[in-house]
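Beneath this line is the structure, given in structure tokens, with notes to follow.
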Amino acid sequence: MDLNWVITDTTPPIFITCPQDTVLETPFGWGSMWHTITLPDISDNSGVWDLTLYLDGEIQQNSTMLVELFPGNHIVLHVATDPVMNENTCAYNITVMLSDTEPPTPISCPLSRTIESDVPLAVTWVEPVFQDNSGYIDKVESNYESGSLMAWGVHDVVYLAYDNSTNMGTCSFTITLRSLPCSILHPSINGALICHDSYAGRFCVSMCNSKRDFLLPSPELSVPNDYVCSVSGDWYPYNFTYDCLASNNSEPIMSSEYYYQGFCNETSAQESMQNQALTMYNKADVDITMGSNLTANDFYVQCGELITKQDLSN
């Protein structure tokens, strides 16, 4: 009687040793470290096996190797396979921590400042200087460079300094570029001047109390819809407003938006004027640098002197 025996190998390789999870520190002042991944001890009943190494999910060319590890958690996976494809694994974590956690510090950092100009400027400053406990600054980055051309407005300048351990230090300051100061524009007598200030100038509307009207020296003249102070500090179209006095006109000179109810210093009257000025601002042809998406609270009221016609005659 013939017996045919088939021997089947179902036993996978055995990891005699498998490293435990480990925590390592980078050398002082370094942002990474070199580490050698060594072979674990393995046995198999066949005496033969293949070993494949994965680092952070990526297959490696060699089963043992010198690797550069950066701060964080790294997963090491050894896969042992025998000739009949029985497989076993050994996995562990390597956590790399920075030994240097102190960021660079600025030993000089420019102060914030305000500059007045009627044109955009190339603004210069002394570059900040950083120092680090490691004695080495790896790189410095900034969102502006000294000599950058700046328009009217607020510019937040930020410098970021990194050491070899990727610790980051900062130096920040503000450059504010404003238009030249506006000359004085007085509010109308018995009226008000409602204005919005921006870094590029000033926008104003002149208003009269509803019981009075604008006094024009000549019928050929007209009341401007608004007054704009440009970056030069000059007013357009005039550097004066027309006063408000009792009028015999059957119809007001301007539309209703140019008149207010009540006393100028009353809160309700000022809130109404602010809303009216906002409406006229949105209709006006002003440069975008004057501001966009404004609200009534972006306007303020200046009340004119209260004088009667009799006072003027005296």
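Quick note, the sequence shown lines up with residues 1 to 314 if you use UniProt numbering.
Where a beta carbon is used, it is the ideal one built from N, C-alpha and C, also for glycine.
Remember, it's a predicted structure, so these values are computed and weren't measured experimentally.
Review point. Which two residues bound the contiguous beta strand (DSSP E) that contains residue 281?
Key: Careful: residue 281 lies outside any beta strand (DSSP E), inside the alpha helix (DSSP H) at 267-283.
Review point. Rounded to whole angstroms, how far is the Cβ of residue 203 from the Cβ of residue 161, which I believe are closer than 8 Å?
Key: Their Cβ separation, rounded to whole angstroms, is 42 Å, which puts residue 203 and residue 161 out of contact at 8 Å.
Review point. Who pairs with residue 33 in a beta bridge, going by DSSP?
Key: Note: residue 33 sits in a beta bridge opposite 69.
Review point. If you run the structure through DSSP and keep just helix, strand and coil, what is residue 8?
Key: coil
Practice item. Spatial neighbours of residue 19 within its chain, please: CB distance less than 6 Å, with the 5 preceding and 5 following residues excluded, ordered by chain position. Key: 92
Practice item. Give the single residue among 166, 121, 144 whose Cα lies nearest to the Cα of residue 132. Key: 166
Point to revise | Classification of residue 27 by the beta-carbon crowding that lies within 10 angstroms, buried from 16 upward | key: exposed
Check your understanding: Taking all protein chains shown into account, do 16 or more other C-beta atoms lie within 10 angstroms of the C-beta of residue 261, making it buried, or fewer, making it exposed?
Key -> exposed
Review point. Between the Cα of residue 174 and the Cα atoms of 110, 121, 85, which residue gives the shortest distance?
Key: That would be 110, whose Cα lies nearest to the Cα of residue 174.
Review point. Leaving out the 5 sequence neighbours to the left and right, which residues in its chain are closer than 8 Å to residue 43 when beta-carbon positions are compared?
Key: 13, 14, 16
**Study point:** Complete runs of the beta strand (DSSP E) confined to the stretch 71-143 [at least 3 residues]
**Key:** 72-81, 87-97, 105-108, 113-116, 121-123, 129-131, 139-142
Practice item. Starting from residue 202, follow the beta strand (DSSP E) in both directions and report where the run begins and ends. Key: 201-209
Point to revise | Per DSSP, the bridge partner or partners of residue 24 | key: 96
Practice item. Give the range of the beta strand (DSSP E) segment to which residue 264 is assigned. Key: First-last for residue 264: undefined, no H or E at that position.
Exercise for review: Would you check if the stretch 235-242 and the stretch 280-291 touch, i.e. whether three or more CB-CB distances between them fall below 8 Å?
Suggested key: no
Practice item. Give the secondary structure of residue 145 by DSSP, where H, G and I count as helix, E and B as strand, and everything else as coil. Key: coil
**Study point:** N-terminal and C-terminal residue of the beta strand (DSSP E) that residue 171 is part of
**Key:** Residues 168-178.
Check your understanding: Between which two residues does the beta strand (DSSP E) harbouring residue 53 extend?
Key -> 50-55
Exercise for review: Quick one: grab the DSSP three-state call for residue 227.
Suggested key: strand
Check your understanding: To the nearest angstrom, how far is it from the Cα of residue 188 to the Cα of residue 265?
Key -> 14 Å
**Study point:** Residue from 83, 79, 41 with nearest C-alpha to residue 58
**Key:** Answer by Cα proximity: 79.
Point to revise | Environment of residue 21 [buried if 16+ CB atoms lie within 10 Å] | key: exposed
Check your understanding: By DSSP, does residue 305 sit in helix, in strand, or in coil?
Key -> coil
Point to revise | Spatially closest choice to residue 380 from 143, 95, 82, by CA coordinates | key: Because the chain spans 1 through 314 in this model, residue 380 falls outside it and cannot be assessed.
Exercise for review: Give the single residue among 157, 249, 105 whose Cα lies nearest to the Cα of residue 137.
Suggested key: Put simply, of 157, 249, 105 the residue whose alpha carbon is nearest the alpha carbon of residue 137 is 105.
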